[in-house]
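I have placed the structure first, in the form of structure tokens, so that the comments after it can refer back to it.
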Amino acid sequence: MENQNNPLVGYFRKPEVYVELPSRGNYYKPGILDLPPNGEVGIFPMTARDELVLKTPDALLNGASTVEVIKSCVPAINDPWEIPSVDMDPLLIGVRIATYGESMDIAIGCPECQEKNEYSVDLTTLMDQVRDWKFEEHLEIDDLKLTFRPLTYKELNTESLRQFEETKILRIVNDEKIDEQKKRELFQESFLKLTGLTVDIIGKTIKKVESPKGSTDDPKHIAEFIQNIDRKTFSAIQDHLDTQKKLNSFKNFKGKCNKCEKELETPIMFDNANFFV
2 MENQNNPLVG
12 YFRKPEVYVE
22 LPSRGNYYKP
32 GILDLPPNGE
42 VGIFPMTARD
52 ELVLKTPDAL
62 LNGASTVEVI
72 KSCVPAINDP
82 WEIPSVDMDP
92 LLIGVRIATY
102 GESMDIAIGC
112 PECQEKNEYS
122 VDLTTLMDQV
132 RDWKFEEHLE
142 IDDLKLTFRP
152 LTYKELNTES
162 LRQFEETKIL
172 RIVNDEKIDE
182 QKKRELFQES
192 FLKLTGLTVD
202 IIGKTIKKVE
212 SPKGSTDDPK
222 HIAEFIQNID
232 RKTFSAIQDH
242 LDTQKKLNSF
252 KNFKGKCNKC
262 EKELETPIMF
272 DNANFFV
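If you're matching positions, the sequence shown starts at 2 in our numbering and goes up one per residue.
Right under this line is the structure:
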């Protein structure tokens, strides 16, 4: 009501980009997503406050800055923590396009001559790739039928933070001030934790397991199942998820060194610490 009385309301930001979500609106809990009939969510450009939020180191690390920016720029999503991971990159690209335009500069160092090469990535071509993304929910292994779901942003961010902390411990192992026995103990402990984290993440992506002996969608049963299956079954599940990750990722950027003309290639990465600068 207040906006209607504001003579400047006509200058308020408006949606600049419309994105069709790879999830097609699936995997969201009730009340999280207000998906329009055409299946596309409107994305507003960032405000000055949003840009400041993205410069807060702690908020970048724990994912809070990304959540705040999505709240501000994608009003159709009521709780960004619950966004399926498959939708996050397209939404961030949409925010970037709405705010800064359709191109993004990247730098690639040449391993041959050490030349630093500057390129411009057309973000609209990346959005075109998104239209082909599809999350394959089902996998059959012998007499087992598994149903998968993408991790939410909150789950993915929590696991990433845990892995970050464990990786820090592994780096400590290289500290010359620590004796060899202590290094071995730290390495073994961290290696086991990181392995456990991988198993936990895989378990969380499984929504349901069906078998001739019974079916379950109980997270505790599924976690116990993942921890006790044989290597062949575990590898089949991991291969399925790895394939999904590859299919739902952007193609590598390819270029040529400006100095020695060596063919260069790099993955398109979306690190929030530098994606919006």
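From the three backbone atoms N, C-alpha and C, an ideal C-beta is built for every residue, glycine too.
Keep in mind that this is a model prediction, so the values were computed, not measured.
query	result
Nearest-angstrom Cα separation, counted from residue 31 out to residue 101	32 Å
Sequence-distant residues of its chain with Cβ nearer than 8 Å to residue 139 (five each side left out)	146, 147, 148, 149
Per-residue DSSP class, three states only, for residue 128	helix
Test item: CB-CB of residue 44 and residue 96 under 8 Å	yes
Same chain, Cβ closer than 7 Å to residue 142, neighbours up to 5 away in sequence not counted	234, 237
Beta-carbon contacts of residue 19 that lie in its chain and below 6 Å, excluding the five residues immediately before and after	41, 43
Reduced DSSP category for residue 231 - H, G, I as helix; E, B as strand; rest coil	coil
Whether residue 91 touches residue 131 by CB criterion (8 Å)	yes
Segments assigned beta strand (DSSP E), at least 3 residues, entirely inside the segment 27-86	41-44
Segment contact, 8 Å Cβ cut-off, at least three pairs: the segment 106-116 with the segment 253-266	yes
Collapsed DSSP secondary structure at residue 274 in the structure displayed	Here residue 274 scores only 49 on pLDDT, less than 50, and its place in the model is too uncertain to base an answer on.
Own chain residues within Cβ distance below 8 Å of residue 50, not counting five before or after	73
Counted within 10 angstroms of its Cβ, other Cβ atoms place residue 205 as buried (16 or more) or exposed	buried
Pairwise C-alpha distance: residue 77 and residue 16	11 Å
Euclidean distance between Cα positions of residue 211 and residue 217	7 Å
Under the three-state DSSP convention, the category residue 190 falls into	helix
Heavy atom of the ligand GDP within 7 Å of residue 51 beta-carbon	You won't find the ligand GDP in this model; it holds no ligand whatsoever.
Rounded distance between the beta-carbons of residue 254 and residue 94, thought under 8 Å	That belief does not hold up - the Cβ atoms of residue 94 and residue 254 are roughly 14 Å apart, past 8 Å.
Three-state secondary structure (DSSP) of residue 242	helix
Burial state of residue 22, where buried means 16 or more other Cβ atoms lie within 10 Å	buried
Exposure label - residue 13; buried when at least 16 CB within 10 Å	exposed
Buried or exposed by the 16-neighbour rule on C-beta atoms within 10 Å, applied to residue 38	exposed
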